[in-house]
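Remarks on the structure that follows.
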Amino acid sequence: MTETGDAKTEVTKSAAELPDWRPLWNFQDPAGSEVRFREALAAGEAAGDDEYVLVVTTQLGRTFGLRRLFEEAHAILDTVEARLDGASTEVRMRYLLERGRTINSAGDPAASMALFEEAWDIGHTPAAAGLDPLTADAGHMLGIAAGGEAALDWAERTIRFCEESDDPRCKGWLGPLYNNTGWTQHDLGNLEAALELWQKGVAFREAAGDEDSIFIARWTVGRCYRSMGRLEEALASQQALHAARAAAGNLGAGYVEEELGECLLALGRADEATPWFGKAYDMLHTDEWLQAEEPARLARLKELGGR
């Protein structure tokens, strides 16, 4: 075999052994995910696999967006944009999704809409065969960015798309869609509709068997009970979740503690509520998203918790 042939064999072998990048994600630890993606990126570059490199680079950009390091995220995505000519449909859709997510997270949802719509439209072309999960992601983000009644329209369209898809990864989007659409209905005051969606979410997550996702889905049902004035049910729901987390040795993020405080306060049991608000503040006050998006919520926890 020639020297050139040997090189081709080695590149093909290396590319085939590149790590699956999906398990490298830990959305609760984007900094740690960045390290793993950089290692995967180096492996892809060494193997000469441009497709892999571009896909992983979009995910690397997302790790910065999740930390609200938007300039860094855009700079990384700029390197993908510069190579879009001739890139695959998957790369193009992933680029649009991550650029749109970065813009939306930076506080300009209107500007992100065009990017998500372009990804959605591409997802309905023959070139996007096998990419239903990315199309669902685009519809999911359109629902988030649109807000209000328009969000419901996008959510309903995306739910239908996922239910009709034969791709199990696409159907996996139904969990987030039930959750997010439930919040849209909740914020519009359509509490019965929100409860129905969140109960569907519990059933969906239980069928999937992921304990963390089941926990979040059950939390939303309890949260809806509080909004509906079903305070005793809301309190019992959150108490059960807290007990389950304690038994598992999982401290959680602080949202159950916040809800226990809110339920007790609404029931006129302010003295019992105070320590829960304090615990919630201690657990949540360093959350960068809450600091940026809901400072009044943190201030309320601090005041009611006596911190």
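For what it's worth, the working numbering labels the leading residue of the sequence shown as 8, then goes sequentially. Glycine is no exception: its CB is placed at the ideal position from the N, C-alpha and C atoms. These numbers were taken from a predicted model, which means no experiment stands behind them.
Under the three-state DSSP convention, the category residue 235 falls into: Residue state, collapsed to three classes: coil.
Cβ atoms of residue 274 and residue 239: under 9 angstroms apart, would you say? Yes. Within cutoff.
C-beta atoms of residue 204 and residue 226 nearer than 9 angstroms: No, the Cβ-Cβ distance between residue 204 and residue 226 is not below 9 angstroms.
What's the gap between the Cα of residue 117 and the Cα of residue 159? Straight through space, the alpha carbons of residue 159 and residue 117 are spaced by roughly 16 angstroms.
Buried or exposed for residue 236, going by 16 or more other Cβ atoms inside 10 Å? Counting Cβ neighbours within 10 Å, residue 236 comes out exposed, since fewer than 16 surround it.
Own chain partners of residue 270 with C-beta closer than 7 angstroms, once the 5 adjacent residues on each side are dropped: Non-local C-beta neighbours of residue 270 in its own chain, meaning closer than 7 angstroms and more than five positions away in sequence, comprise 233, 238, 241, 242 and 245, ordered along the chain.
Would you please state the rounded distance, in angstroms, between the beta carbons of residue 96 and residue 135? I believe it to be under 8 angstroms. The Cβ separation is near 5 angstroms, so the contact holds.
CA nearest to the CA of residue 230, picked from 216, 268, 259 and 252: With distances taken between CA atoms, residue 230 lies nearest to 268 out of 216, 268, 259 and 252.
Three-state secondary structure (DSSP) of residue 7: One cannot answer for residue 7 here, as it falls past the ends of the chain, which runs 8 to 314.
Backbone secondary structure at residue 111 - three-state DSSP: It is helical.
Residues in its own chain within less than 6 angstroms of residue 19 by CB, not counting five upstream and five downstream? No answer about residue 19 holds up, because its pLDDT of 41 lies below 50 and its placement is not dependable.
State buried or exposed for residue 63, treating a residue as buried only when at least 16 other CB atoms are found within 10 Å of its CB. Under this definition residue 63 is a buried residue.
So is residue 8 buried or exposed if we call it buried at 16+ other beta carbons inside 10 Å? Because the pLDDT of residue 8 is 32, which lies under 50, any placement of that residue in the model is unreliable, and the number read from its coordinates should be weighed accordingly. Under this definition residue 8 is an exposed residue.
Thinking C-beta only, is residue 81 closer than 9 angstroms to residue 106? In this structure, residue 106 sits near residue 81, with a CB-CB distance shorter than 9 angstroms.
So residue 126 packs on residue 104, CB below 8 angstroms; how close in whole Å? Separation of the CB atoms of residue 126 and residue 104 is rounded to 6 angstroms, and the pair is thereby assigned contact status at 8 angstroms.
Between residue 123 and residue 149, which are expected to be in contact by the criterion C-beta below 8 angstroms, what is the C-beta distance as a whole number of angstroms? About 5 angstroms separates the two Cβ atoms, so the contact holds.
With 16 other Cβ atoms within 10 Å as the buried cut-off, status of residue 293: Around the Cβ of residue 293, a 10 Å sphere holds fewer than 16 other Cβ atoms; the residue is exposed.
Measuring straight from C-alpha to C-alpha, what distance separates residue 157 and residue 198? Computed Cα separation, rounded: 18 angstroms.
Is it true that the CB of residue 50 sits closer than 9 angstroms to the CB of residue 25? Annotated as proximal: residue 25 and residue 50, with beta-carbon spacing under 9 angstroms.
Measure the alpha-carbon distance for residue 108 versus residue 119 and round it to whole angstroms. Linking residue 108 to residue 119 through their CA atoms gives a straight-line distance of about 7 angstroms.
Reference residue 282; option with closest CA among 88, 110 and 266: 266 is the residue among 88, 110 and 266 whose C-alpha sits nearest the C-alpha of residue 282.
Count the other C-beta atoms from every protein chain shown that fall within 10 angstroms of the C-beta of residue 98, then say buried if there are 16 or more, exposed otherwise. For residue 98, the number of other beta carbons within 10 angstroms of its own is at least 16, and it is reported as buried.
Length of the line joining the Cα atoms of residue 45 and residue 91: Rounded to whole angstroms, the gap between the alpha carbons of residue 45 and residue 91 is 20 angstroms.
Would you call residue 276 buried or exposed, if buried means 16 or more other Cβ atoms sit within 10 Å of its Cβ? Result: exposed.
According to DSSP, simplified to helix, strand and coil, what is residue 172? Note: residue 172 maps to coil in three-state DSSP.
Is the beta carbon of residue 87 closer than 9 angstroms to that of residue 61? Taking a C-beta distance under 9 angstroms as the contact criterion, residue 61 and residue 87 qualify as a contact pair.
In its own chain, which residues sit with a C-beta less than 7 angstroms from the C-beta of residue 300, not counting the 5 before and 5 after it? Here the set comprises nothing.
Considering only residues of the same chain and omitting the five flanking positions on each side of residue 202, which have a CB-CB separation below 6 angstroms? For residue 202, where only same-chain residues beyond five positions count, the Cβ hits under 6 angstroms are 231.
Answer with buried or exposed for residue 217, where buried requires no fewer than 16 other C-beta atoms within 10 angstroms of its C-beta. When all chains shown are included, residue 217 counts as exposed.
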